[in-house]
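Trainee:
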């Protein structure tokens with residue numbers, strides 16, 4: 012039950028973070044928004060370490076955390092590239108689906124098959140991720156090669172879930188996996204921002220959104236790690252992957268954006284999946 016609660020908290024925090032990140036990216040650009048979220052999130056968790064002196068990680072924990080952070084950031088950069096070349100209608104749903112599907116496959120192979128009810132819950136949750144991520148856009152594939160970047164982005168996100176799950180398998184690891192994964196992500200995105208010759212300072216009017224985004228994004232990571240520590244990888248990853256639902260709801264409540272029929276159905280399926288996981 013704790014795994015389900017933490018997984019839901021992760022999706023809510025990540026979804027709210029994406030909402031704040033979307034507003035932030037309008038002011039500073041997508042890549043700088045990601046850089047700021049990673050960097051300031053890193054500072055927050057380093058401060059937390061000084062209050063909770065966690066022992067230094069083993070080589071295995073450090074390596075898996077670094078790989079997870081690197082692959083997750085690569086997935087994000089690939090997603091932005093896919094969006095930038097006009098694949099918006101397929102990038103979000105395909106990447107979100109593969110991000111959730113890959114941990115389900117790995118979890119079934121490494122932790123045993125889920126129960127029949129959990130399998131049904133996975134089906135509902137994966138369908139929810141697909142529908143919520145599509146929005147008003149019509150899913151259209153011009154050619155199969157259009158799927159290349161969205162799939163790679165989803166694999167990157169899914170690998171983040173998997174490697175972080177391995178890293179926090181050590182009962183004493185909590186903060187260090189977050190620190191190391193964010194160091195990896197920050198360094199990668201910093202290289203991209205510098206290569207694009209974008210300025211590094213945070214614009215004066217963007218500080219509030221930047222800090223809110225960093226805090227919520229870090230919260231999503233924190234709750235996913237807790238869900239992963241106390242439960243199965245597949246359930247933790249799938250529940251965390253429902254984050255587009257909270258982004259959509261916040262956009263509807265605060266920005267009065269339209270929620271499509273597909274998204275309403277997706278949110279209903281997500282709630283049904285959560286109920287099934289509790290049985």
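Numbering (my numbering), first residue to last: 12 to 290. Glycine included, C-beta positions come from ideal geometry on N, C-alpha and C.
1. Along the chain, where does the alpha helix (DSSP H) that runs through residue 213 open and close?
2. Return the Cβ separation of residue 213 and residue 202 in integer angstroms, given the expectation that the two are a contact with Cβ distance under 8 Å.
3. Report yes if the C-beta distance between residue 143 and residue 256 is below 8 Å; otherwise report no.
4. Compute the distance between the beta-carbons of residue 288 and residue 17, then report whether it is under 8 Å.
5. Does residue 123 pass the burial test, meaning 16 or more other C-beta atoms within 10 Å, or should it be called exposed?
6. Cβ of residue 46 within 8 Å of Cβ of residue 197?
7. Any heavy atom of the ligand ZN closer than 7 Å to the Cβ of residue 217?
8. Using the C-alpha atoms, what's the distance from residue 22 back to residue 248?
9. Over the uninterrupted alpha helix (DSSP H) stretch that includes residue 160, give me the two end residues.
10. According to DSSP, is residue 67 part of a helix, a strand, or is it coil?
11. Hey, could you find the ends of the alpha helix (DSSP H) residue 186 is sitting in?
12. My parser needs the beta strand (DSSP E) runs of 3 or more residues fully inside the region 76 to 140; what are they?
13. Thinking just about the alpha-carbon of each residue, which of 243, 176 and 242 is nearest to the one in residue 72?
14. Near residue 132, which residues of its chain fall below 7 Å by C-beta distance, leaving aside the five closest residues on each side in sequence?
15. Any contact between the region 156 to 174 and the region 103 to 114? By contact I mean 3 or more CB pairs, one from each, below 8 Å.
16. If contacts are defined as beta-carbon pairs under 8 Å, then residue 277 and residue 24 qualify, I think. What distance do you get, rounded to the angstrom?
17. On the three-state DSSP scale, how would you describe residue 228?
18. What's the C-alpha gap between residue 271 and residue 159?
Mentor: Once the coordinates are examined:
1. Careful: residue 213 lies outside any alpha helix (DSSP H) and carries neither H nor E.
2. Actually they do not touch by this definition, with Cβ atoms about 19 Å apart.
3. yes
4. No, Cβ-Cβ distance for residue 288 and residue 17 is not below 8 Å.
5. So residue 123 counts as exposed.
6. Yes, Cβ-Cβ distance for residue 46 and residue 197 is below 8 Å.
7. Absence of the ligand ZN from the depicted structure is noted, as is the absence of any ligand whatsoever, leaving it without description.
8. 9 Å
9. 159 to 178
10. coil
11. 186 to 206
12. none
13. 176
14. Counting only Cβ-Cβ distances below 7 Å, and skipping sequence neighbours, we find 284, 287 and 288.
15. yes
16. Rounded, the Cβ-Cβ distance is 19 Å, inconsistent with contact.
17. The three-state secondary structure of residue 228, taken from DSSP, is helix.
18. 27 Å
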